[in-house]
Amino acid sequence: MNKQPFTSRIHLPILITGAVFLVVIMPTLNACGYITNFTLGNWGKYLCYGILAISIDLLWGYTGLLCLGQALFFTLGGYMMGMHLMRMIGGDTVPTFLSMVGRTEWPSFFTPFTSFPFALLMIILVPGILAYVFGFLAFRSRIKGVYFSILTQALTYGAALLFFRNELLMGGNNGFTDFRTLLGHDLRTASTQRGLYIATAVLLVAVVAGCKWLTNSRFGLIQRAIRDSENRVLFSGYSTMNYKLFVFVISGIVASLAGALFVPQVGIINPSEMTTEKSLEAVVWVALGGRGTLVGPVIGAITVNAAKSWASSGATADFWPLLLGGAFVLVVLFMPKGIVGLPAQIQAVIQKLKRREESEVPTPPQKPEIKPTPDPSATEA
Amino acid sequence: MEQIISPLHDNQKPFLLAAEGLTRSFDGFKAINDLNFYLDEGELRTVIGPNGAGKTTFLDLITGRTKPDVGSLKWDDGKHDLLKMNEYEIYRLGIGRKFQTPTVYNDHTVYENLVLSLAGSRGIWHSLFGKITSDQKDRIADILKIIKLTDSAYRKAGILAHGQKQWLEIGMLLAQEARLLLVDEPAAGMTDEETYRTGELLLSLAGKHTIIVIEHDMTFVRQISQGRKVTVLHQGHVLCEGPVDKVQSDERVIEVYLGRKSKAA
Numbered sequence: 001m002n003k004q005p006f007t008s009r010i011h012l013p014i015l016i017t018g019a020v021f022l023v024v025i026m027p028t029l030n031a032c033g034y035i036t037n038f039t040l041g042n043w044g045k046y047l048c049y050g051i052l053a054i055s056i057d058l059l060w061g062y063t064g065l066l067c068l069g070q071a072l073f074f075t076l077g078g079y080m081m082g083m084h085l086m087r088m089i090g091g092d093t094v095p096t097f098l099s100m101v102g103r104t105e106w107p108s109f110f111t112p113f114t115s116f117p118f119a120l121l122m123i124i125l126v127p128g129i130l131a132y133v134f135g136f137l138a139f140r141s142r143i144k145g146v147y148f149s150i151l152t153q154a155l156t157y158g159a160a161l162l163f164f165r166n167e168l169l170m171g172g173n174n175g176f177t178d179f180r181t182l183l184g185h186d187l188r189t190a191s192t193q194r195g196l197y198i199a200t201a202v203l204l205v206a207v208v209a210g211c212k213w214l215t216n217s218r219f220g221l222i223q224r225a226i227r228d229s230e231n232r233v234l235f236s237g238y239s240t241m242n243y244k245l246f247v248f249v250i251s252g253i254v255a256s257l258a259g260a261l262f263v264p265q266v267g268i269i270n271p272s273e274m275t276t277e278k279s280l281e282a283v284v285w286v287a288l289g290g291r292g293t294l295v296g297p298v299i300g301a302i303t304v305n306a307a308k309s310w311a312s313s314g315a316t317a318d319f320w321p322l323l324l325g326g327a328f329v330l331v332v333l334f335m336p337k338g339i340v341g342l343p344a345q346i347q348a349v350i351q352k353l354k355r356r357e358e359s360e361v362p363t364p365p366q367k368p369e370i371k372p373t374p375d376p377s378a379t380e381a
Numbered sequence: 001m002e003q004i005i006s007p008l009h010d011n012q013k014p015f016l017l018a019a020e021g022l023t024r025s026f027d028g029f030k031a032i033n034d035l036n037f038y039l040d041e042g043e044l045r046t047v048i049g050p051n052g053a054g055k056t057t058f059l060d061l062i063t064g065r066t067k068p069d070v071g072s073l074k075w076d077d078g079k080h081d082l083l084k085m086n087e088y089e090i091y092r093l094g095i096g097r098k099f100q101t102p103t104v105y106n107d108h109t110v111y112e113n114l115v116l117s118l119a120g121s122r123g124i125w126h127s128l129f130g131k132i133t134s135d136q137k138d139r140i141a142d143i144l145k146i147i148k149l150t151d152s153a154y155r156k157a158g159i160l161a162h163g164q165k166q167w168l169e170i171g172m173l174l175a176q177e178a179r180l181l182l183v184d185e186p187a188a189g190m191t192d193e194e195t196y197r198t199g200e201l202l203l204s205l206a207g208k209h210t211i212i213v214i215e216h217d218m219t220f221v222r223q224i225s226q227g228r229k230v231t232v233l234h235q236g237h238v239l240c241e242g243p244v245d246k247v248q249s250d251e252r253v254i255e256v257y258l259g260r261k262s263k264a265a
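Chain order of the listed sequences is A and F.
Mind the numbering: the first sequence is residues 1 to 381 in my numbering, read in order.
Mind the numbering: the second sequence is residues 1 to 265 in my numbering, read in order.
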């Protein structure tokens, strides 16, 4: 009997090269002055989005659960980090968002966030518990497919409305900003930002490695079985609810960690990050990059966001949403496996052409197969 | 464990499965109507009946896919009340099901399909850290041989022929080491030769497992029943039970089912 029952699509050497490039080479080039602080800062942001995209793919591509609420978990992590950063500003007066509603002292729930370990614990626990409770209720009632998507969207919308309120004492629509230090390091220096970038890159590599292990285990088999035929899995004796709940919680925590690293790098967190558009945009990154793979979502997130920074300034700014929407439509129509599926797709087309040439004369004409050639412009934008 | 002996149970050996007074209606139509059904351990029981007789609904009730309006459904001499359990809990008692249309994991390889069906823990922890033992690998190799899919072990199940999918699904029941195999129309869509081989396979499993086979094909039913008890369902109710010859000569059966097929041999 042969081994190797579990297939993996990612080639390890490419993965390791990518990891070394992101974790070691990029920051070294920055320290030596070959990459500007601005560029590295942008990449830190892209990588946070890449982690968010993986958390979506873990649910959508691997388990068949299209969650439109990942921006919520991302933002919650950001807010937990923001609370810690706000407490680190110091000074005698309370921030404006508190004085505005007549408070002269910090609300008591901010106090423990002075401790970084506590903040870190909350970054994991708050989204984890929210995902557990929400997932438990949704999966126990066997809410599936589009109903699950709508429900997660509603949850995100509700949470955003809540965070927009000044009375929540979480900064209202301005959110938290003007951060100074993190763990004693000045956030405005290049070295701190480089450190944050490295932390993000390391987290990304860890998340990819962890998800690769997860999806290659028997758990991964069950995950994909649930995606393809949930009823059959139930009749194979698995409690699909527990499995879905586990993935949902893990993915919520991963998104939250990404959000927590995002906030000190961009220097602000407010409820506009929590909207359903943000969740939908992240879903587009996953679709563009290639869902059901681990590097696909990261490539999608980086490509789209890099294109966005480039296109949303200057003359093309007004067309950005159109470009993104157009790219999404093209990918759905012509590249079902996204950017990472493109090489295989091109290969298949070439082989088909070759076969057609060979069988030009001797065999009777086969059924004409209408297969659109992949549009390379779809990968850009 | 406490034993609940049903009143209809008269001192024979304990029933593996006992259904009493089951009724299940869909929008007023009684798919199952006051059904009583008893099954001994080790039996190979064939259930026949015209379309709409409630055969598949009966399996749905046993496997927890749907719940009856009234009635009782007891497992293993009344030790377990199946009506209080959900799909995967019932499966874990050792009740496995092959669906009418082959239901395998199309995007998984044949090997992976069997791995997912292997008897053993169904917990998340085990799925993450549990290794496939060499015994289990041997077991899978045996099953692949039995279902004649050794050469296709690493192909995706989705590209298998219809008959092969049927066999794979039976193989999944074997991997599960189910006590009771519920086999819904195993011969559907198969060639005569495949049908015959499927019959042989089921016969070779009889005794080791308890089996309920639902089938339309009377040649097939004759092949596998071999004097064993056959149950005829009609309008959700047991019309009669007995060896296939007796059943086929029963006036009522001829009228509702066999007569229409003019196959009363």
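C-beta atoms are modelled at their ideal positions from N, C-alpha and C, and glycine is treated no differently.
Only a predicted model underlies this, so the values are computations on that prediction, with no experimental measurement involved.
Unbroken alpha helix (DSSP H) runs of length 4 or more, entirely within the stretch 62-115 of chain A: which are they? With a minimum length of 4 residues, the continuous alpha helix (DSSP H) runs that stay inside the stretch 62-115 of chain A are 70-88 and 96-99.
Within this structure, are the beta carbons of Leu288(A) and Phe328(A) separated by less than 8 Å? Mapped onto the first sequence, residue 288(A) falls at position 288. Mapped onto the first sequence, residue 328(A) falls at position 328. Contact: yes.
Starting from the beta carbon of Tyr238(A), find every residue of chain F whose beta carbon is closer than 7 Å, and list them in chain order. On the first sequence, residue 238(A) is found 238 positions in, with the first residue counted as 1. Within 7 Å Cβ-Cβ: Tyr88 and Arg122.
Local conformation of Phe99(F) per DSSP, three classes: Within the second sequence, the letter at position 99 stands for residue 99(F). Coil.
Specify the secondary structure class of Leu324(A) as computed by DSSP and reduced to three states. Position 324 of the first sequence, counted from the start, is the residue given in the question as residue 324(A). Shown here, Leu324(A) sits in a helix according to DSSP, grouped into three states.
Residue range of the unbroken alpha helix (DSSP H) whose run includes Ile90(F): Sequence index remark: in the second sequence, residue 90(F) carries index 90 (1-based). Its alpha helix (DSSP H) spans residues Glu87 to Arg92.
Contact defined as beta carbons within less than 8 Å: I believe Arg180(A) pairs with Met88(A). What is the distance between those atoms, to the nearest angstrom? Residue 180(A) sits at position 180 when you count from the first residue of the first sequence. Residue 88(A) sits at position 88 when you count from the first residue of the first sequence. The distance from the Cβ of Arg180(A) to that of Met88(A) is about 6 Å, consistent with a contact at the 8 Å cut-off.
Starting from the C-beta of Gly199(F), find all residues in its chain whose C-beta is less than 7 Å away, skip the five residues before and the five after it, and write them out in chain order. Translated into positions along the second sequence, residue 199(F) becomes position 199. Phe220, Gln223 and Ile224.
With which residues is Ser72(F) paired in a DSSP beta bridge? Counting from one through the second sequence, the residue named residue 72(F) turns up at place 72. DSSP output for Ser72(F) lists Glu20(F) as bridge partner(s).
Grouping DSSP H, G and I as helix and E and B as strand, with all else coil, what is Ser217(A)? Reading the first sequence from its first residue, position 217 is the one you call residue 217(A). Ser217(A) falls in the coil class under three-state DSSP.
Tell me which residues of the stretch 214-246 of chain A have at least one Cβ-Cβ distance to chain F shorter than 7 Å, keeping chain order. Residues of the stretch 214-246 of chain A whose Cβ lies closer than 7 Å to any Cβ of chain F, in chain order: Ser217, Arg218, Phe219, Leu221, Ile222, Arg224, Ala225, Asp228, Ser229, Arg232, Leu234, Phe235, Ser236, Gly237, Tyr238, Ser239, Asn242, Tyr243 and Phe246.
For Ile224(F), the first and last residue of its enclosing beta strand (DSSP E): For the purposes of this step, residue 224(F) is taken as residue 224 along the second sequence, with counting starting at 1. Not the beta strand (DSSP E): Ile224(F) falls in the alpha helix (DSSP H), residues Met218 to Ser225.
Exposed unless 16 or more other CB atoms sit within 10 angstroms - verdict on Phe109(A): Translated into the one-based positions of the first sequence, residue 109(A) becomes position 109. With fewer than 16 Cβ atoms within 10 Å of its Cβ, Phe109(A) is classed as exposed.
So if DSSP puts Tyr38(F) in a beta bridge, which residue, or which two residues, is it bridged to? The sequence position of residue 38(F) within the second sequence is 38, counting from 1. Per DSSP, Ala18(F).
Expressed to the nearest angstrom, what Euclidean distance is found between the alpha-carbon atoms of Leu121(A) and Phe38(A)? Position 121 of the first sequence, counted from the start, is the residue given in the question as residue 121(A). Position 38 of the first sequence, counted from the start, is the residue given in the question as residue 38(A). Taking the Cα positions, Leu121(A) is about 30 Å away from Phe38(A).
Does the separation of the CB atoms of Met86(A) and Phe176(A) fall below 8 Å? On the first sequence, position 86 is the one that residue 86(A) refers to. On the first sequence, position 176 is the one that residue 176(A) refers to. It is a contact, given that the beta carbons lie within the stated cut-off.
Just the C-alpha distance for Lys337(A) and Leu12(A), rounded to the nearest angstrom, thanks. The residue you call residue 337(A) lines up with position 337 of the first sequence. The residue you call residue 12(A) lines up with position 12 of the first sequence. Those two C-alpha atoms are separated by around 20 Å.
Between Thr109(F) and Tyr154(F), is the Cβ-Cβ spacing less than 8 Å? Within the second sequence, residue 109(F) is the residue found at index 109, counting from 1. Within the second sequence, residue 154(F) is the residue found at index 154, counting from 1. Annotated as proximal: Thr109(F) and Tyr154(F), with beta-carbon spacing under 8 Å.
Lys337(A) - DSSP class collapsed to helix/strand/coil: Looking up residue 337(A) in the first sequence gives position 337. In the displayed model, Lys337(A) falls within coil according to three-state DSSP, outside both helix and strand.
Under 8 Å, with one C-beta from each stretch per pair, do the stretch 284-303 of chain A and the stretch 245-255 of chain A reach the 3-pair mark? Segment contact: the stretch 284-303 of chain A against the stretch 245-255 of chain A, fewer than three CB-CB distances shorter than 8 Å; contact not assigned.
Thinking C-alpha only, which one of Asn86(F), Ala53(F), Gly52(F) and Ile32(F) is nearest Val233(A)? In the first sequence, counting from the first residue as 1, residue 233(A) sits at position 233. Comparing Cα-Cα distances from Val233(A) to each of Asn86(F), Ala53(F), Gly52(F) and Ile32(F), the minimum goes to Asn86(F).
Would you check if the distance between the CB atom of Val286(A) and the CB atom of Asp57(A) is smaller than 8 Å? Along the first sequence, read from residue 1 onward, the residue named residue 286(A) stands at position 286. Along the first sequence, read from residue 1 onward, the residue named residue 57(A) stands at position 57. Result yes, Cβ atoms of Val286(A) and Asp57(A) sit closer than 8 Å.
So Ile159(F) is in the beta strand (DSSP E); what residue range does that whole segment cover? Residue 159(F) sits at position 159 when you count from the first residue of the second sequence. Annotation: Ile159(F) is outside any beta strand (DSSP E) and is labelled neither H nor E by DSSP.
Around the C-beta of Phe139(A), are 16 or more other C-beta atoms found within 10 angstroms, so that it is buried, or is it exposed? For this step, residue 139(A) is matched to residue 139 along the first sequence. Buried, because 16 or more other Cβ atoms sit within 10 Å of the Cβ of Phe139(A).
Could you tell me whether the Cβ of Val213(F) comes closer than 8 Å to any Cβ of chain A? Translated into the one-based positions of the second sequence, residue 213(F) becomes position 213. It does not; no Cβ of chain A falls within 8 Å.
Terminal residues of the beta strand (DSSP E) in which Val183(F) lies: Mapped onto the second sequence, residue 183(F) falls at position 183. Per DSSP, Val183(F) is one residue of the beta strand (DSSP E) stretching across Leu180 to Asp184.
Residue interval of the beta strand (DSSP E) (run including His237(F)): Working through the second sequence from its first residue, we reach residue 237(F) at position 237. For His237(F), the enclosing beta strand (DSSP E) stretches over residues His237 to Gly242.
Beta-carbon proximity of Leu65(A) to Gly259(A), cut-off 8 Å: Stepping through the first sequence from its first residue, residue 65(A) is reached at position 65. Stepping through the first sequence from its first residue, residue 259(A) is reached at position 259. With contacts defined as CB atoms closer than 8 Å, Leu65(A) and Gly259(A) fail to qualify as a contacting pair.
Cβ-Cβ distance between Leu155(A) and Leu72(A) below 8 Å: Translated into positions along the first sequence, residue 155(A) becomes position 155. Translated into positions along the first sequence, residue 72(A) becomes position 72. With respect to Leu72(A), Leu155(A) sits close: the two C-beta atoms are nearer than 8 Å.
From Thr195(F) to Leu61(F), what distance separates their C-alpha atoms? For the purposes of this step, residue 195(F) is taken as the residue at position 195 of the second sequence. For the purposes of this step, residue 61(F) is taken as the residue at position 61 of the second sequence. Approximately 27 Å between the Cα atoms of the pair.
Taking 8 Å as the threshold, find out whether the stretch 100-108 of chain F comes into contact with the stretch 220-227 of chain A through three or more Cβ pairs. Verdict: yes, contact present.
Paired residues, beta bridge with Phe176(A) - DSSP: Counting from one through the first sequence, the residue named residue 176(A) turns up at place 176. DSSP links Phe176(A) through a beta bridge to Ile269(A).
Are the CB atoms of Leu233(F) and Ala18(F) nearer to each other than 8 Å? Translated into the one-based positions of the second sequence, residue 233(F) becomes position 233. Translated into the one-based positions of the second sequence, residue 18(F) becomes position 18. No, Cβ-Cβ distance for Leu233(F) and Ala18(F) is not below 8 Å.
Per DSSP, Ile214(F) is paired with what? On the second sequence, residue 214(F) is found 214 positions in, with the first residue counted as 1. DSSP lists Val47(F) and Asp184(F) as the beta-bridge partner residues of Ile214(F).
Does the Cβ of Gln226(F) have 16 or more other Cβ atoms within 10 Å, making it buried, or fewer, making it exposed? In the second sequence, the residue the question calls residue 226(F) occupies position 226. Exposed, because fewer than 16 other Cβ atoms sit within 10 Å of the Cβ of Gln226(F).
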